Amino acid sequence: MKLLKAITGLKLHLAVLQLWGLETSLVKLLRVSKVKPMRLRQKILPIVGTTIVSLVTVLYTTSSTVLLGSFIQLEQQETRARVERVQKALDEEIFRVNLIATDWAEWDETYVFFDNSNQSYIDNNVDNLSLTNVQLNLVAFVNSSGEIVYGKFSEPTCQKCLPVGSDLQQHLASKELLRGDNAIAGLILLQRTPILIAVRPIRKTERSKSSHGVLILGRYLNRDAIARISERTHLDFALHAVNDDRLPADLQAARTALLQQQVLVRPLNEETIAGYTLIRDIYGQPAVIVSVKMPRNIYHQGQASIRYLFLCLLVVSVSVSAIVLLLLDRLVFSRLSSLSSNVRSLSTGDAVSQNIAANKDELSSLADAINHMLQALADSQYQQRAREERYYKYSKILTELAKRQTAENSDLNARLREITAAAADTLEVEYASVWVYSPGGRKLQCAALYQCSTAAYTTGMEWQASDYPGYFKALRQERALATADVRTEPKTKKMAERFLGKLGIGAMVNAPIYLNGRIVGIVCHGHKKTSRQWLIEEQNFTASIANLVALALSAWERQRSQVALQSAYDEVENRIRERTGELAEVNQQLRAEILACHITEKKLMHQASHDPLTGLANRTLFMQRLDSALDGSQQEHSLLAVLFVDLDRFKSVNDTLGHAIGDRLLIAISHRLQACLRPDDLVARLGGDEFTILLENIKNTNDAVHVAERIQRELNLPFHFGGHTIDTSASIGVAFNLTGYERPEDLLHKADLTMYRAKTTGKGRYEICDRNPVEQSARR
Numbered sequence: 001m002k003l004l005k006a007i008t009g010l011k012l013h014l015a016v017l018q019l020w021g022l023e024t025s026l027v028k029l030l031r032v033s034k035v036k037p038m039r040l041r042q043k044i045l046p047i048v049g050t051t052i053v054s055l056v057t058v059l060y061t062t063s064s065t066v067l068l069g070s071f072i073q074l075e076q077q078e079t080r081a082r083v084e085r086v087q088k089a090l091d092e093e094i095f096r097v098n099l100i101a102t103d104w105a106e107w108d109e110t111y112v113f114f115d116n117s118n119q120s121y122i123d124n125n126v127d128n129l130s131l132t133n134v135q136l137n138l139v140a141f142v143n144s145s146g147e148i149v150y151g152k153f154s155e156p157t158c159q160k161c162l163p164v165g166s167d168l169q170q171h172l173a174s175k176e177l178l179r180g181d182n183a184i185a186g187l188i189l190l191q192r193t194p195i196l197i198a199v200r201p202i203r204k205t206e207r208s209k210s211s212h213g214v215l216i217l218g219r220y221l222n223r224d225a226i227a228r229i230s231e232r233t234h235l236d237f238a239l240h241a242v243n244d245d246r247l248p249a250d251l252q253a254a255r256t257a258l259l260q261q262q263v264l265v266r267p268l269n270e271e272t273i274a275g276y277t278l279i280r281d282i283y284g285q286p287a288v289i290v291s292v293k294m295p296r297n298i299y300h301q302g303q304a305s306i307r308y309l310f311l312c313l314l315v316v317s318v319s320v321s322a323i324v325l326l327l328l329d330r331l332v333f334s335r336l337s338s339l340s341s342n343v344r345s346l347s348t349g350d351a352v353s354q355n356i357a358a359n360k361d362e363l364s365s366l367a368d369a370i371n372h373m374l375q376a377l378a379d380s381q382y383q384q385r386a387r388e389e390r391y392y393k394y395s396k397i398l399t400e401l402a403k404r405q406t407a408e409n410s411d412l413n414a415r416l417r418e419i420t421a422a423a424a425d426t427l428e429v430e431y432a433s434v435w436v437y438s439p440g441g442r443k444l445q446c447a448a449l450y451q452c453s454t455a456a457y458t459t460g461m462e463w464q465a466s467d468y469p470g471y472f473k474a475l476r477q478e479r480a481l482a483t484a485d486v487r488t489e490p491k492t493k494k495m496a497e498r499f500l501g502k503l504g505i506g507a508m509v510n511a512p513i514y515l516n517g518r519i520v521g522i523v524c525h526g527h528k529k530t531s532r533q534w535l536i537e538e539q540n541f542t543a544s545i546a547n548l549v550a551l552a553l554s555a556w557e558r559q560r561s562q563v564a565l566q567s568a569y570d571e572v573e574n575r576i577r578e579r580t581g582e583l584a585e586v587n588q589q590l591r592a593e594i595l596a597c598h599i600t601e602k603k604l605m606h607q608a609s610h611d612p613l614t615g616l617a618n619r620t621l622f623m624q625r626l627d628s629a630l631d632g633s634q635q636e637h638s639l640l641a642v643l644f645v646d647l648d649r650f651k652s653v654n655d656t657l658g659h660a661i662g663d664r665l666l667i668a669i670s671h672r673l674q675a676c677l678r679p680d681d682l683v684a685r686l687g688g689d690e691f692t693i694l695l696e697n698i699k700n701t702n703d704a705v706h707v708a709e710r711i712q713r714e715l716n717l718p719f720h721f722g723g724h725t726i727d728t729s730a731s732i733g734v735a736f737n738l739t740g741y742e743r744p745e746d747l748l749h750k751a752d753l754t755m756y757r758a759k760t761t762g763k764g765r766y767e768i769c770d771r772n773p774v775e776q777s778a779r780r
């Protein structure tokens, strides 16, 4: 069965060689087979060995990981179970002590003992023997006030009873053990030794709510107690105080981890694994660490199982490898060796084939298949050569036609005649023609029809596209439409009856002519015999002829477009010359109007932001500049000042000398104000005899004071107009941006108020804004 599969695979391989034209591979194989190749057994042996080793490695790695992980998990579960058993045993010990405390606390004699403190109760019930029988180390009767009525305490290292120690007194002092309404059972540390303790309220048997105090019973968790618990649970464990500074390293690490989890299991080494749990005292604080250690028998058992598994896999792998190699040698290698020698002898003649055929087995079928394959390869090789020759011939003709196309022959008819003649001779057909759609697209017009037998050209025939819808629909869907028999093909049957039959065409191959993404015509090649099977290379040649025709049509249309474009260009150029002169005059007038508008716009903008009399900035421009200056001073933390200037006795000048003299006085004052300022400072006229000044980037308030003093000195000098001498002065208010006003209106208003204060206190003076006491002053 395996040999049959191998032979079938070889047949498939040879068939693939035939499809791809690689028949020479078999010839090379026969030639190479004369050289002694590497034996198949030598190739298979390392492959099988590598496969077996890889399989064993993968199986061993996977199995050991899963198996050892299972044993480790089982070991941890067993350790955790032991820790939980120890914890449960300690809970049972606490329960026993609590049960004894319950019995004693609810005993009537105990209740009476608190009333009369009789010694007989102590002698009969709290003697050493009684405590030893119930394994108690601590008995204490505590009243509601926290005083110990009676207490007995035995050290864990001796049998002698002692009074209650100070460490228990500290627990009593916290009042946590004296809550008579609740029962307490748990663990506490006394002298770093854990003790199980039970606290019960002392009541009558009818369980009334009244309580005389509490009864405290305790049992040490010493070595004897741990030994008793170990014997009962069959577990070895140890207790360690949490606050012990001498804890081993593993317990110190476990102490930190147990604050986050209840039970901790960690292997200590290859031989021991340990489990830990944390016991909290009655206050909920960590008190004792319980450690349980056990040998790692489960882990060692897992390692032994993995070793046994590896040995089993190794033995099985070696056995399987030997059996596989033996079967391959007997069933495959020996027979393939014989088959290989027969295949190498095929080239000598039919004797070997007949010898193989005489056996009547799979090898004979393989020999027959090889003979048929060789014949098929020979036929395929012949067809391939013929196909290559045709392709070479077609490519050469198409190249020549394309070169002639690049010569840019302007005669379209000559191009089409040359193309149709070359196509008819190459395809060995009787007719080759080019048909072009009419402008309406309803019919095809013959642009050139070449008849090979007469070497004559015909034009002018027409086809109605609506007469042959099936043919034109198929033509739009195919790159080349080949028809072996036009009389039986449904697409061309009607065309054969009306047109093709008259020309004696029995088969044809056509291709659509595409120009700018649409069909503009077709190329037709008609064979005059009854039928013909068109080869794929012939169909491709027809499509290439259609592309050449499309190039010719495109070149012809391009030439026509260039001529029309040149004519249109000349006409447009003449019109442009005529319009250029007209536009020059219009542009000159337009530039003059734009210049006048620009001048008018600048005048309007200046009038909107400046005082028409003095030419100074008006209120609008001053407020815009002040707003911008305030924003800049806040960002740069700089100082600026606003001076509000109001002329004194200006109204009397207008009343006595007239408004014309008053206007000339205002103009002269504006000039003197500008002379007192820096180039970057701004002076504005708000209206009437009111002026404002903006001083930016001043170092301190003294700079503004110096400007105010300079202005007053200049304005105190007399003015002379038309024989009149005018003496004037001004009241000035100074405000700074450090006064806390952020809006420009606020700062201007503050300067205005400051100016009025200066005017009311005597005129001809300046005043500083009073929001800054350090700078407050009045100067002349």
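FYI, the working numbering numbers position 626 of the sequence shown as 626, with every residue one higher than the one before it. Glycine is no exception: its CB is placed at the ideal position from the N, C-alpha and C atoms. A quick note: this is a predicted structure, and the numbers were derived from the prediction, not measured.
Here alanine 254 is near leucine 264, since their CB atoms are less than 8 Å apart. Histidine 706 sits in a helix when the DSSP states are folded into three classes.
If you keep only unbroken beta strand (DSSP E) runs of at least 3 residues inside the segment 278 to 327, you get 286 to 295. Boundaries of the beta strand (DSSP E) harbouring leucine 444: 443 to 451, taken from the DSSP string. Going by beta carbons, leucine 613 and alanine 629 fall outside the 8 Å limit. Cβ-Cβ separation between leucine 138 and glycine 218: approximately 3 Å, consistent with a contact (criterion under 8 Å). Of the residues assessed, tyrosine 283 falls on the exposed side of the cut-off, its CB having fewer than 16 other CB atoms within 10 angstroms. Counting along the chain, the unbroken beta strand (DSSP E) around tyrosine 431 starts and ends at 431 to 437.
Between alanine 496 and valine 486, the CB-CB gap stays under 8 Å. In summary, phenylalanine 95 is exposed, with fewer than 16 beta-carbon neighbours lying within 10 Å of its beta-carbon over all protein chains present.
By alpha-carbon distance to arginine 415, the top candidate from Tyr431, Asp425, Ala447, Gln303 is Ala447.
Each residue's CA atom was taken as its position, placing glutamate 388 and glutamate 538 some 12 Å apart. Of the candidates Val707, Ser638, Ala617, Ala568, Ala617 places its Cα closest to the Cα of phenylalanine 691.
Going by C-alpha positions, arginine 765 is about 19 Å away from glutamine 674. Of all alpha-carbon atoms in Pro744, Val683, Gly69, the one lying nearest the alpha-carbon of isoleucine 298 is that of Gly69. Taking a cut-off of 8 Å for Cβ pairs, the segment 504 to 516 and the segment 468 to 482 touch, as three or more such pairs fall below it. A straight-line Cα-Cα distance of about 18 Å links leucine 682 and asparagine 700. Cβ neighbours of arginine 82 within its own chain (closer than 7 Å, five residues either side excluded): Leu235, Gly275, Val292, Met294. Cysteine 769 counts as buried, since no fewer than 16 other beta carbons sit within 10 angstroms of its beta carbon.
Short of 8 Å from the beta carbon of valine 126, and not among the five residues preceding or following it, lie these beta carbons of its own chain, in chain order: Val139, Tyr150, Lys152. Proximity of the segment 40 to 54 to the segment 313 to 332 meets the contact definition, three or more beta-carbon pairs being nearer than 8 Å. Per the C-alpha coordinates, the member of Ser729, Asp689, Thr754 positioned closest to phenylalanine 736 is Thr754.
It is roughly 10 Å from the alpha-carbon of glycine 470 to the alpha-carbon of arginine 476.
The beta carbon of arginine 710 is closer than 7 Å to those of Cys676 in its chain, skipping five residues each way along the sequence. With a cutoff of 8 Å on beta-carbon distance, leucine 657 and alanine 730 are scored as not near each other.
Per DSSP, the unbroken alpha helix (DSSP H) holding alanine 568 starts and ends at 536 to 609. Per DSSP, tyrosine 756 is one residue of the alpha helix (DSSP H) stretching across 744 to 760. Threonine 426 is positioned such that its CB atom lies no closer than 8 Å to that of phenylalanine 499. Three or more beta-carbon pairs drawn from the segment 521 to 534 and the segment 425 to 445 are found closer than 8 Å, and the two stretches are therefore classed as touching. The beta carbons of isoleucine 732 and valine 645 sit about 5 Å from each other, so the pair counts as a contact at 8 Å. Cβ neighbours of arginine 560 within its own chain (closer than 8 Å, five residues either side excluded): none. Under the DSSP assignment, glutamine 477 falls in the alpha helix (DSSP H) whose first and last residues are 469 to 477.
Shortest Cα-Cα distance from isoleucine 669 to any of Asn654, Leu715, Gly632 involves Leu715. Cβ contact annotation for aspartate 752 (same chain, cutoff 8 Å, sequence separation greater than five): Phe644, Gly733, in chain order. Under the three-state reduction of DSSP, aspartate 411 is assigned to coil, being neither helix nor strand.
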